[in-house]
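Each remark here refers to the structure printed beneath this line.
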Amino acid sequence: MHQMNDLRRIDLNLLVILDALLSEQHVTRAAERLHLSQPAVSHALARLRDLLGDPLLVRAGASLVPTSRALELMAPLAEALAQVQSLLAPNAFDPATTQRTFRLAMSDYGAAIVLPGLIRSLRSEAPGIDLQISHASREGMLDGILNGDIDIAVGVFPEMPNELRSTLLFEEHYVCLVDRDSLPADATLDLPAYLARPHVLLEMRGSGTPEIERALTALHERRRVAVSLPHWNVAPQLISGTDLILTVASRGVRDIDEASLIVVPPPFHIPSFTFVLAWHQRRGGDQALNWLKQRIGEGIKR
């Protein structure tokens, strides 16, 4: 009876607001997400603090940081709300009529592979769905999912936090890109020739391409990096007319100028890697998000 009386004190709409606050960790963003005024969300937070006997969110600069009690509530609350939504409106999601914005994180390499097919699907099947694309390091993408700033991340994530889930999009391998005139037709790129040349290194905020460096370290070798940059699209253009080598994922050099550039296999073993789609487990009941994840997988540029 005591539990029933406690339940009667709670407006279930408050739980929806709490879920948004815990996800956004910002009153204004939560209000925008819920289409409510900022004072209304602030008032709801005050009621929730009183009902649950916990501050739930404490200010740290411009953001709100969840308390330990709030962190305990995040996953079960999101799961419960998803179950209620599914129970009350199992067929509520209609791609043709849904008006929604999703926040995706990916590199420009990922964007070139994912976005063309995805955008075509959205324009034909779900024209009311908008996308906001951001670019960050691997760690930054995962942090964005954890704190609710990102809905989906696509990329290479060797270490995945327990709260996140992922699905395989494709397996990728490395190739080397060199100037066609710098490699005689009857020559091969052996390891001494590879190490003798200067290299272009693609990296984002220090994450680099550790798979290549680890493979060289296993051979007790090092390469000289002449140019380090975070831009996938421009990197192949740096190779033409030079002695530089670019070692990258094979899908990143599909559209090269074959008159001046040539793709050859690396002269040493570099393990292949998996390219995945990642999201937070608390979003498992989000029908629109699940639909979007499926469309991403179906639209991958093979």
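First residue of the sequence shown: 295, per the numbering used here; consecutive thereafter. Here a beta-carbon is modelled for each residue, glycine too, at the ideal position from N, C-alpha and C. These numbers come from a predicted model, not from an experiment.
Here's the rule: buried if 16 or more other CB atoms are within 10 angstroms of the residue's CB, otherwise exposed. What is residue 357? Residue 357 is classed as exposed because its beta carbon has fewer than 16 other beta carbons within 10 Å across all chains shown.
Could you pull the DSSP bridge partners for residue 523 from this structure? Paired residue(s): 496.
Our contact map puts residue 526 next to residue 402 with C-beta atoms below 8 angstroms; I'd like the distance itself, whole angstroms only. With a Cβ gap of about 5 angstroms, residue 526 and residue 402 count as contacting.
Every unbroken alpha helix (DSSP H) inside the segment 402–433 [4 residues or more]: Counting only runs of 4 or more residues that sit fully inside the segment 402–433, the alpha helix (DSSP H) segments are 402–419, in chain order.
Given this structure, state the Cα-to-Cα distance separating residue 399 from residue 570, to the nearest angstrom. Approximately 12 angstroms, taken between the alpha carbons.
Residue 490 versus residue 579: straight-line alpha-carbon distance, rounded: Each residue's alpha carbon lies about 53 angstroms from the other.
For residue 299, name the three-state secondary structure that DSSP assigns. Confidence is the limiting factor: at residue 299 the pLDDT is only 42, short of 50, which leaves the residue's position unreliable and the question unanswerable from this model.
Taking residue 478 as the reference, which of 589, 556, 364 has the closest Cα? Ranking 589, 556, 364 by CA distance to the CA of residue 478 puts 556 first.
Can you say whether residue 577 is buried or exposed, counting buried as having 16 or more other CB atoms within 10 angstroms of its CB? Here residue 577 is buried, its C-beta having at least 16 other C-beta atoms within 10 Å.
What residue from 550, 420, 583, 567 has the CA that sits closest to residue 573's CA? Taking only the C-alpha atoms, the option nearest residue 573 is 583.
Spatially closest choice to residue 397 from 355, 388, 436, by CA coordinates: Minimum Cα distance to residue 397 is reached at 436.
Tell me the rounded alpha-carbon separation between residue 472 and residue 361. Near 53 angstroms, if we compare the C-alpha coordinates of residue 361 and residue 472.
Taking the Cβ atom as the reference point for each residue, do residue 463 and residue 594 lie within a distance shorter than 7 angstroms? In contact: residue 463 and residue 594 (Cβ atoms closer than 7 angstroms).
Whole beta strand (DSSP E) runs in the segment 439–494 with 3 or more residues, listed along the chain? 446–449, 458–466, 468–473, all fully within the segment 439–494.
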